[in-house]
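2 protein chains.
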Amino acid sequence: AIADSVMSALQGDMSLDGLSAPKPLAGRRAVVTAGPTREPIDPVRYLSNHSSGRQGYAVAQALADLGADVELVSGPTAIPLPHGTRNSPVETAEEMFSAVKRALPADIFVSVAAVADWRPATRTERKTKKPVDGPAPLQLVENPDILRSVCLSDKRPELVVGFAAETHDVLELARAKRVRKGCDWIVANDVSGDVMGGQENMMIIVTETDEIHLPRQSKTAAARALARRIASHFGGPS
Amino acid sequence: AIADSVMSALQGDMSLDGLSAPKPLAGRRAVVTAGPTREPIDPVRYLSNHSSGRQGYAVAQALADLGADVELVSGPTAIPLPHGTRNSPVETAEEMFSAVKRALPADIFVSVAAVADWRPATRTERKTKKPVDGPAPLQLVENPDILRSVCLSDKRPELVVGFAAETHDVLELARAKRVRKGCDWIVANDVSGDVMGGQENMMIIVTETDEIHLPRQSKTAAARALARRIASHFGGPS
Chain A
1 AIADSVMSAL QGDMSLDGLS APKPLAGRRA VVTAGPTREP IDPVRYLSNH SSGRQGYAVA
61 QALADLGADV ELVSGPTAIP LPHGTRNSPV ETAEEMFSAV KRALPADIFV SVAAVADWRP
121 ATRTERKTKK PVDGPAPLQL VENPDILRSV CLSDKRPELV VGFAAETHDV LELARAKRVR
181 KGCDWIVAND VSGDVMGGQE NMMIIVTETD EIHLPRQSKT AAARALARRI ASHFGGPS
Chain B
1001 AIADSVMSAL QGDMSLDGLS APKPLAGRRA VVTAGPTREP IDPVRYLSNH SSGRQGYAVA
1061 QALADLGADV ELVSGPTAIP LPHGTRNSPV ETAEEMFSAV KRALPADIFV SVAAVADWRP
1121 ATRTERKTKK PVDGPAPLQL VENPDILRSV CLSDKRPELV VGFAAETHDV LELARAKRVR
1181 KGCDWIVAND VSGDVMGGQE NMMIIVTETD EIHLPRQSKT AAARALARRI ASHFGGPS
C-alpha cells in the first residue's frame, strides 16, 4: 500500500496540498486563463465553444498546490471555481483580455482558455427577430489575441505557456503556434475525440528544444505534471 | 406552522409528489422541450443562447407531479435532469425536432426550449483556422419551426403551449406569436433582465380569451401554477 502511494504520488495522482507538501512555486505569481469565452449576438444569443474549463481549473489548482499565487481568469463554465486561487470570472474575449492585463505582472502565464477567435461585428440591444426573407449572414470581427499580446507586452512573464487544441496535424500546428505567438511552451492537445469537455487529456509539451509526450491521464494528473515542469523551470524539484 | 404549510401549498411552494397528492393529469401524456439548442460551426465552436433549462425542467416536473406521463426533450444544460420524467437529451434544433416527432402523439405539448432560429449553413469537420485576411461572415440557414410544425401536425396534441422570451414589447409579441404559430396558449416572458438563466420568472399566460398575469416567483412555483392551469383545462381541479 505504501508502494502504491509512492507510485501514485510520483504519477501525480495525489493532492500536493497540505502542510507537508513542497512549495517550489512559493513567491511566484501565476495568471491562468480557462474555459470558453461567450461572444454575444444579442441579449440572448451567443457564439461559444465546447471548452468545459476543467483543464484550466486543474492547472490553476496544481500551480496553487505548488505554492504559486494564482489568479484564474475564467470564462463561463458549469463547474465550481477552484479553492486557493483568486478568480476573475469573465464572459467575452475582450473582458478576458482586460482581466489578464490587470492581473500582470506575473512570473507565469498559462493560457488554457479556448478564446473565441471571432465575435459578432455588432451586438444588438434587443433580441433579433426572425426576418421574413431568411437570416442575414453573421458578420464577424477578430478578437484580441491575448496570448500574442502578453508575449509582446513589456510586462511579459518569464514563462508563457499556451495551449493548442487541434483536431488534426496537432503537433505541427502546435509547433507553428509556439513560434507565431512568441510563447515559451505550447501544450498540444488532440481534441478530435471527446477531450474538449471530457475528463481526460493527452498532452504534448512543445518547447524550443523538447517535445514531451505525457500519457493519456485525467486532466488533474496532466495539470500536475505540467505544474511540476513549471516548478522545475523555476529551479524547484521536477 | 400548519397554517404556513397550507398557505405554502396554496401558493404552489410545496412539492405535490407523494401518494396523497391529487393526480388530475393521470393518464395524460405530455411532451416538454427545454434548454437551449447548440448549433455547431465546427467540432469545437457553436451558436447557442442563455437558456438554462430551469423553467422547462420545472414545467416537466410540475406536470409529472400532477400525474402526467412526461417526456422531456432537452438541449444541453448544466443542471441535473429531473426525476420522474423520461428524458431525451439533444444538441441541435434538428435533433430536438426529430425527438419531438418521435414523442408524439401526446395530449399536451409545452415548448419551453429556446430553440435556435438559425444554424450555420455548413458545419466543417475540422476546426476552422483563422484566415489571414480576417473572418468570413458566418452563413446561416433557418432551423425547423418545431412549435409551428407540431401545431400543423396530424398528431397535434389537444393543448399546445408555447413560450415567448422577449426583451421588449413582450405581450404584443406574445399575442402575435400565439396566432402565427397556431398554438393554444403562449407564456410570455420578459427576459430583458436576468430571467434567462436566472432563478425567477414573471409569466403572462396568453390564451385566445384571457391574459393571466402571474406574480414574479421562483421558476418552480411558476411551473406549478402553469401545470395547475393545464390540469384545469383537462377538467381537473384548478
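In order, the protein sequences belong to chains A and B.
Note that the numbering used here has the first sequence beginning at 1, numbered continuously upward.
Note that the numbering used here has the second sequence beginning at 1001, numbered continuously upward.
Glycine is no exception: its CB is placed at the ideal position from the N, C-alpha and C atoms.
Remember, it's a predicted structure, so these values are computed and weren't measured experimentally.
| message | In the DSSP assignment, the beta strand (DSSP E) including B/Arg1086 goes from what residue to what residue? | response | As a working mapping, residue 1086 of chain B is identified with position 86 in the second sequence. Secondary structure note for B/Arg1086: its beta strand (DSSP E) is the uninterrupted segment 1086-1089.
| Terminal residues of the continuous alpha helix (DSSP H) containing A/Phe97? | Position 97 of the first sequence holds residue 97 of chain A. Residues 93-103.
| For A/Gln55 and A/Gly27, the rounded distance between their alpha carbons | Here residue 27 of chain A corresponds to residue number 27 of the first sequence, with the count starting at 1. Here residue 55 of chain A corresponds to residue number 55 of the first sequence, with the count starting at 1. Spanning the two alpha carbons is a distance of roughly 23 angstroms.
| field | Alpha-carbon to alpha-carbon, B/Pro1080 and B/Asn1087 | value | Stepping through the second sequence from its first residue, residue 1087 of chain B is reached at position 87. Stepping through the second sequence from its first residue, residue 1080 of chain B is reached at position 80. The alpha-carbon atoms of B/Asn1087 and B/Pro1080 are separated by roughly 11 angstroms.
| field | Any chain B beta carbon closer than 8 angstroms to A/Thr248 | value | Since the first and last residues shown for chain A are 1 and 238, residue 248 of chain A lies out of range.
| request: Evaluate A/Gly12 with the Cβ neighbour count: other Cβ atoms within 10 Å of its Cβ, from every protein chain shown; 16 or more gives buried, anything less gives exposed. | output: By one-based count along the first sequence, residue 12 of chain A stands at place 12. Caution applies to A/Gly12, whose pLDDT of 46 falls short of 50 and renders its modelled position unreliable; the value that the coordinates give is listed next. Buried.
| What do you reckon, are the CB atoms on A/Trp185 and A/Ile204 nearer than 8 angstroms? | In the first sequence, the residue the question calls residue 185 of chain A occupies position 185. In the first sequence, the residue the question calls residue 204 of chain A occupies position 204. No, Cβ-Cβ distance for A/Trp185 and A/Ile204 is not below 8 angstroms.
| message | Using only the alpha-carbon positions, how far apart do A/Ile212 and A/Leu226 sit? | response | Locating residue 212 of chain A in the first sequence gives position 212, where the first residue counts as 1. Locating residue 226 of chain A in the first sequence gives position 226, where the first residue counts as 1. If you take the alpha carbons of A/Ile212 and A/Leu226, they lie about 10 angstroms apart.
| task | Using a Cβ-Cβ cut-off of 8 angstroms, state whether A/Ser111 counts as contacting chain B. | result | The residue labelled residue 111 of chain A in the question sits at position 111 within the first sequence. Chain B contact via Cβ: absent.
| task | In angstroms with no decimal places, state the Cα-to-Cα distance between A/Arg119 and A/Leu159. | result | Working through the first sequence from its first residue, we reach residue 119 of chain A at position 119. Working through the first sequence from its first residue, we reach residue 159 of chain A at position 159. One Cα belongs to A/Arg119, the other to A/Leu159, and the distance between them is close to 29 angstroms.
| request: Look at the alpha carbon of A/Leu66 and the alpha carbon of B/Ala1060, and state the distance between them as a whole number of angstroms. | output: Here residue 66 of chain A refers to the residue found at position 66 of the first sequence. Here residue 1060 of chain B refers to the residue found at position 60 of the second sequence. Taking the straight line from one Cα to the other gives about 46 angstroms.
| task | Use the C-beta contact count for A/His168: other C-beta atoms within 10 angstroms, 16 or more gives buried, fewer gives exposed. | result | What you label residue 168 of chain A is simply residue 168 of the first sequence in a count that begins at 1. It counts as exposed.
| task | Within 10 angstroms of the Cβ of B/Ala1106, are there 16 or more other Cβ atoms? Answer buried if so, exposed if not. | result | What you label residue 1106 of chain B is simply residue 106 of the second sequence in a count that begins at 1. The residue is buried, with at least 16 neighbouring Cβ atoms inside 10 Å.
| said: On the criterion of 16 or more Cβ atoms from any shown chain inside 10 Å, does A/Arg102 qualify as buried, or is it exposed? | reply: By 1-based counting over the first sequence, the position of residue 102 of chain A is 102. By the neighbour-count rule (16 or more Cβ atoms within 10 Å), A/Arg102 is not buried but exposed.
| query | With C-beta atoms as the reference, is B/Leu1140 less than 8 angstroms away from B/Ala1121? | reply | The count along the second sequence starts at 1 and reaches residue 1140 of chain B at position 140. The count along the second sequence starts at 1 and reaches residue 1121 of chain B at position 121. Yes, the pair counts as a contact, with Cβ atoms nearer than the cut-off.
| query | Tell me which same chain residues have a C-beta within less than 7 angstroms of the C-beta of A/Ala99, skipping the five on either side of it? | reply | Position 99 of the first sequence, counted from the first residue, corresponds to residue 99 of chain A. So the qualifying residues of the chain are Val73, Ser88, Val90.
| query | So which residues on chain B does A/Ser48 lean against when the C-beta distance must stay under 9 angstroms? | reply | Taking the first residue of the first sequence as 1, we reach residue 48 of chain A at position 48. Per Cβ cutoff of 9 angstroms: Arg1038, Arg1045, Tyr1046, Leu1047, Ser1048.
| said: To the nearest angstrom, how far is the alpha carbon of B/Ala1093 from that of B/Lys1177? | reply: Counting from one through the second sequence, the residue named residue 1093 of chain B turns up at place 93. Counting from one through the second sequence, the residue named residue 1177 of chain B turns up at place 177. Cα to Cα, the separation comes out at about 19 angstroms.
| task | Please name the residues in the stretch 1079-1102 of chain B whose beta-carbon is closer than 8 angstroms to at least one beta-carbon of chain A, in chain order. | result | Contact residues of the stretch 1079-1102 of chain B toward chain A are absent (C-beta to C-beta distance below 8 angstroms).
| said: By DSSP's criteria, B/Arg1029 is part of a beta bridge. Which residues make up the other side? | reply: Here residue 1029 of chain B refers to the residue found at position 29 when the second sequence is read from its first residue. Note: B/Arg1029 sits in a beta bridge opposite B/Asp1069.
| said: Taking 8 angstroms as the threshold (beta carbon to beta carbon), is B/Gly1235 in contact with chain A? | reply: Numbered from 1 along the second sequence, position 235 holds the residue referred to as residue 1235 of chain B. For B/Gly1235, no CB of chain A lies under 8 angstroms from its own CB, so it is not counted at the interface with that chain.
| query | Closest Cβ-Cβ distance between A/Arg35 and chain B: below 8 angstroms? | reply | For the purposes of this step, residue 35 of chain A is taken as residue 35 along the first sequence, with counting starting at 1. What sits at residue 35 of chain A in the sequence shown is Gly, not Arg. Chain B contact via Cβ: absent.
| In the DSSP assignment, what residue or residues form a beta bridge with B/Arg1148? | Here residue 1148 of chain B refers to the residue found at position 148 of the second sequence. Answer is none; B/Arg1148 lacks a bridge partner.
| query | How is the alpha helix (DSSP H) around B/Glu1172 delimited, first residue to last? | reply | The residue you call residue 1172 of chain B lines up with position 172 of the second sequence. Where B/Glu1172 is concerned, the enclosing alpha helix (DSSP H) starts and stops at 1170-1181.
| task | Please determine, among A/Ser232, A/Arg148, A/Gly198, the residue with the shortest C-alpha to C-alpha distance to A/Val179. | result | The residue you call residue 179 of chain A lines up with position 179 of the first sequence. For A/Val179, the nearest C-alpha among the options comes from A/Arg148.
| request: Helix, strand or coil for A/Ser232, going by three-state DSSP, please let me know. | output: Residue mapping note: residue 232 of chain A aligns to position 232 of the first sequence, counting from 1. In the displayed model, A/Ser232 falls within a helix according to three-state DSSP.
| task | Could you tell me the distance, in whole angstroms, from the CA atom of B/Val1132 to the CA atom of B/Gly1162? | result | For the purposes of this step, residue 1132 of chain B is identified with residue 132 of the second sequence, where counting begins at 1. For the purposes of this step, residue 1162 of chain B is identified with residue 162 of the second sequence, where counting begins at 1. Roughly 44 angstroms separates the two Cα atoms.
| From the DSSP output, which residues share a beta bridge with B/Gly1162? | Here residue 1162 of chain B is taken as the residue at index 162 of the second sequence, counted from 1. DSSP output for B/Gly1162 lists B/Ser1111, B/Ile1186 as bridge partner(s).
| To which residues of the same chain is A/Tyr46 closer than 7 angstroms at the C-beta, ignoring the five residues directly before and after it? | Mapped onto the first sequence, residue 46 of chain A falls at position 46. Counting only Cβ-Cβ distances below 7 angstroms, and skipping sequence neighbours, we find Arg38, Glu39, Pro40.
| task | Determine the contact status of B/Met1240 and B/Asp1190, defining contact as a CB-CB distance below 8 angstroms. | result | This structure cannot settle anything about residue 1240 of chain B, because the visible part of chain B is limited to 1001 through 1238.
| field | CB of B/Ile1108 within 8 angstroms of CB of B/Ala1222, strictly | value | As a working note, residue 1108 of chain B is residue 108 in the second sequence. As a working note, residue 1222 of chain B is residue 222 in the second sequence. Not closer than 8 angstroms, so no.
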